[in-house]
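Respectively, the protein sequence lines represent chains A and B. Residue 207 is where the first sequence ends in the UniProt record's numbering, and the numbering goes up by one at each step. Residue 207 is where the second sequence ends in the UniProt record's numbering, and the numbering goes up by one at each step. Just so you know, even glycine gets a beta-carbon here, dropped at the ideal spot from N, CA and C. Predicted model only: the values in this text are computed from it and were never measured.
Number of protein chains: 2
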Amino acid sequence: MARRTKTEAAATREALLDAAEEVFLEKGVARTSLEQIARHADMTRGALYWHFRNKADLFHAMLQRVRMPFQELVEEVGDPSLVERPLEAIRLACLKGFERLEQPRYRRVHAILIHHCEVFGDIDPLAMQNEMAEEACGALIDYFGCAARLGHLRPGISPEVAAELLQAMLGGLFHDWLRNHERFSILERGTLLLDTQLQLMRSPPSG
Amino acid sequence: MARRTKTEAAATREALLDAAEEVFLEKGVARTSLEQIARHADMTRGALYWHFRNKADLFHAMLQRVRMPFQELVEEVGDPSLVERPLEAIRLACLKGFERLEQPRYRRVHAILIHHCEVFGDIDPLAMQNEMAEEACGALIDYFGCAARLGHLRPGISPEVAAELLQAMLGGLFHDWLRNHERFSILERGTLLLDTQLQLMRSPPSG
DNA sequence: CCTTTTACATACAATGATGTATGGATAATG
DNA sequence: CATTATCCATACATCATTGTATGTAAAAGG
Numbered sequence: 001m002a003r004r005t006k007t008e009a010a011a012t013r014e015a016l017l018d019a020a021e022e023v024f025l026e027k028g029v030a031r032t033s034l035e036q037i038a039r040h041a042d043m044t045r046g047a048l049y050w051h052f053r054n055k056a057d058l059f060h061a062m063l064q065r066v067r068m069p070f071q072e073l074v075e076e077v078g079d080p081s082l083v084e085r086p087l088e089a090i091r092l093a094c095l096k097g098f099e100r101l102e103q104p105r106y107r108r109v110h111a112i113l114i115h116h117c118e119v120f121g122d123i124d125p126l127a128m129q130n131e132m133a134e135e136a137c138g139a140l141i142d143y144f145g146c147a148a149r150l151g152h153l154r155p156g157i158s159p160e161v162a163a164e165l166l167q168a169m170l171g172g173l174f175h176d177w178l179r180n181h182e183r184f185s186i187l188e189r190g191t192l193l194l195d196t197q198l199q200l201m202r203s204p205p206s207g
Numbered sequence: 001m002a003r004r005t006k007t008e009a010a011a012t013r014e015a016l017l018d019a020a021e022e023v024f025l026e027k028g029v030a031r032t033s034l035e036q037i038a039r040h041a042d043m044t045r046g047a048l049y050w051h052f053r054n055k056a057d058l059f060h061a062m063l064q065r066v067r068m069p070f071q072e073l074v075e076e077v078g079d080p081s082l083v084e085r086p087l088e089a090i091r092l093a094c095l096k097g098f099e100r101l102e103q104p105r106y107r108r109v110h111a112i113l114i115h116h117c118e119v120f121g122d123i124d125p126l127a128m129q130n131e132m133a134e135e136a137c138g139a140l141i142d143y144f145g146c147a148a149r150l151g152h153l154r155p156g157i158s159p160e161v162a163a164e165l166l167q168a169m170l171g172g173l174f175h176d177w178l179r180n181h182e183r184f185s186i187l188e189r190g191t192l193l194l195d196t197q198l199q200l201m202r203s204p205p206s207g
């Protein structure tokens with residue numbers, strides 16, 4: 001066995017992460033051994049233990065490739081006029097999120113995080129989900145608060161309730177789809193549900 | 001060690017199931033050994049292997065104690081006038097569900113099923129969740145279809161979309177709460193979100 | 001009251017996964 | 001070009017868990 005060049009080594013690292021994604025998704029994190037991952041990448045545990053300290057470290061690196069905070073999605077849309085249309089900002093950010101999730105890597109890793117792993121080592125998936133939820137809900141409250149001040153939000157529904165409502169709906173859709181992505185397209189159904197929900201919460205046209 | 005009477009044996013079986021609930025919830029299903037469960041019930045693996053074939057069998061028995069199909073919740077309300085008020089039937093069934101979930105046993109077992117276990121043996125938690133979701137969604141479509149025919153559902157929103165919307169919201173709330181039940185009361189927030197959502201989807205008063 | 005089954009506890013063998021230690025061949029570095 | 005650090009394979013020791021086999025004392029049952 002010859003020593004690999006630096007780029008080759010980086011490639012095997014990526015290959016190991018790819019393999020981890022696939023095996024984790026199929027067998028679950030707890031039930032997959034490091035040897036299964038290594039062999040799925042045509043490597044040995046030696047390679048794996050060289051690139052990562054242990055399974056938790058590998059898992060952490062796997063997550064690192066798909067960070068997707070809600071605020072980034074909004075910024076990525078990059079439309080400055082959205083400041084005056086917060087409901088549209090929410091809509092476009094969610095659509096961006098849906099598109100991201102249709103990429104296999106994003107879908108797989110999130111499915112693993114949410115449906116195919118338990119606590120182990122220093123990894124606490126529920127804490128991570130909590131962080132994600134907190135971040136998203138906080139952002140939503142800001143945008144809905146802005147919408148309320150602009151009179152875009154139906155009176156009688158507070159920004160907090162609007163945010164909790166939408167976050168619950170999005171979260172439910174998210175979990176549901178990640179459980180079996182072949183049943184429906186997250187982009188299609190997500191767009192439909194999101195639009196109707198926003199329509200329901202929008203201020204009715206006066207006059 | 002003396003042999004126990006039949007009722008004592010049934011009690012130890014329940015104690016083992018109780019212990020399984022607690023340890024599963026704390027450590028996750030995959031990371032808890034049968035010995036940990038047995039010792040947490042002040043028993044040995046001998047007792048566990050006598051009452052259950054293996055961990056999967058124990059898990060299955062644990063689930064059996066908290067079956068809660070959506071239709072049963074509606075029937076349990078037992079108000080015959082609900083046939084003419086399908087939206088109210090949905091509401092009351094959900095409230096019944098919320099109340100159930102506040103009982104520690106129901107909360108724990110569902111939290112385990114959804115957040116603290118992976119596939120193992122012949123246990124596929126995602127398939128179980130799929131079944132639950134299918135059943136609930138089917139029932140919701142029926143009720144919303146009935147509501148639409150009675151003119152109770154806001155025009156422009158189909159029964160299917162209404163059902164998917166509500167199911168996504170309820171599911172999101174469900175998952176969110178089960179992740180950390182101390183953050184809020186499922187009954188309180190659930191009632192609030194459910195009522196506002198149903199209010200939004202209800203047909204506006206004509207005239 | 002005698003036998004049989006029950007309801008466990010204890011002991012044992014087998015398995016598999018983990019982490020580390022070691023070795024080796026070559027790319028990187030000066 | 002010599003040296004060193006890198007990248008990985010192989011081998012080994014350890015540990016935890018599982019399933020089963022065996023023992024046993026008392027409850028069931030006649």
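Item: Closer than 7 Å: residue 193 (chain B) CB and nearest the ligand SAH heavy atom; Value: With respect to small molecules bound, the structure shown includes none, and the ligand SAH cannot be examined in it.
Item: Beta-carbon gap between residue 55 (chain B) and residue 34 (chain B) smaller than 8 Å; Value: yes
Item: Beta-carbon proximity list for residue 133 (chain B), same chain, < 6 Å, skipping 5 on both sides; Value: none
Item: Within chain A, partners of residue 74 (chain B) - CB distance below 9 Å; Value: Under the 9 Å cutoff, chain A gives no residues; its nearest Cβ is about 20 Å from residue 74 (chain B).
Item: Contacts around residue 181 (chain B), its chain only, beta-carbon distance under 8 Å, and the 5 residues preceding and following it disregarded; Value: 107 and 111
Item: Chain B contact for residue 95 (chain A) (CB, 8 Å cutoff); Value: no
Item: Residue 120 (chain B), DSSP secondary structure in three states; Value: strand
Item: Three-pair Cβ contact test at 8 Å for the segment 160 to 179 of chain B versus the segment 184 to 198 of chain A; Value: yes
Item: Span separating the alpha-carbon of residue 6 (chain B) from that of residue 41 (chain B); Value: 18 Å
Item: Cross-chain neighbours of residue 36 (chain A) in chain B, by beta carbon under 8 Å; Value: Result: empty, since nearest Cβ-Cβ is about 14 Å, beyond 8 Å.
Item: Any chain B beta carbon closer than 8 Å to residue 90 (chain A); Value: no
Item: Residue 86 (chain A) versus A:148, A:115, A:113 and A:31, residue with shortest Cα-Cα distance; Value: A:148
Item: Extent of the continuous alpha helix (DSSP H) run through residue 115 (chain B); Value: 104 to 115
Item: Under 7 Å (Cβ pairs) to chain A, residues found in the segment 117 to 148 of chain B; Value: 117, 118, 119, 120, 126, 129, 130 and 133
Item: Contacts of residue 157 (chain A) in chain B (Cβ-Cβ under 7 Å); Value: 196
Item: Test: residue 71 (chain A) CB closer than 8 Å to a CB of chain B; Value: no
Item: Three-state secondary structure assigned by DSSP to residue 92 (chain A); Value: helix
Item: Option nearest residue 163 (chain A) by Cα separation, candidates A:81, A:128 and A:90; Value: A:90
Item: Residue 113 (chain B) versus residue 125 (chain B): straight-line alpha-carbon distance, rounded; Value: 6 Å
Item: Pairwise C-alpha distance: residue 30 (chain B) and residue 32 (chain A); Value: 11 Å
Item: Length of the line joining the Cα atoms of residue 88 (chain B) and residue 96 (chain A); Value: 36 Å
Item: Which residues DSSP lists as bridging residue 202 (chain A), in chain order; Value: A:153
Item: Alpha helix (DSSP H) runs contained entirely in the UniProt domain "HTH tetR-type" (10 to 70) of chain B, provided each spans 4 or more residues; Value: 34 to 40, 45 to 51 and 55 to 64
Item: Whole-Å CB distance - residue 101 (chain B) paired with residue 186 (chain B), under 8 Å assumed; Value: 5 Å
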